[in-house]
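Numbering (the numbering used here), first residue to last: 5 to 144.
Ideal Cβ placement from N, Cα and C applies to all residues, glycine included.
First the structure, in the form of structure tokens, and then the observations on it.
Structure (structure tokens):
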């Protein structure tokens, strides 16, 4: 796959997320590896699906907006914003009042294989999100 085709696959993943239905079988490699800053890497499409569906459940009106999409060979970097209303369910160990809005920036790095997401790394603004939904106080 070309770098542009890989960028298109990553953008399609976010477009589908925004629509509320993701075709994991088509977009994610069966043996994908998911690197998250707060836990050991997870392996497998089903693990990734479970993690993403947990986020979708906690923030049902998630909107991902791509700011930059950069690709080289099999790697795609996506700088985006994630916004939505926190659904009031326990998410990343925190429960807060229903309906709290937030908007934070993320940077995701994807490695693709045969047009599917095979590996994922992320840098998230969890602190900003937790402050915006009222889970923790903003200093000052």
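- Per DSSP, residue 7 is one residue of the alpha helix (DSSP H) stretching across 7-23.
- Residues 65, 103, 105 of the same chain have their beta carbon placed closer than 6 Å to that of residue 89, with the five preceding and five following residues left out of the count.
- If you ignore the 5 residues before and after residue 56, its C-beta comes within less than 7 Å of the C-beta of 26, all in its own chain and listed in chain order.
- Judged by DSSP in its simplified three-state form, residue 77 adopts coil rather than helix or strand.
- Nearest C-alpha to residue 10 among 139, 143, 62, 121: 121.
- Check the Cα spacing between residue 83 and each of 114, 60, 53: the tightest is with 114.
- Residue pairing by DSSP puts residue 47 in a beta bridge opposite 37.
- Residue 56 carries a helical assignment under DSSP once its states are collapsed to helix, strand and coil.
- DSSP links residue 88 through a beta bridge to 106.
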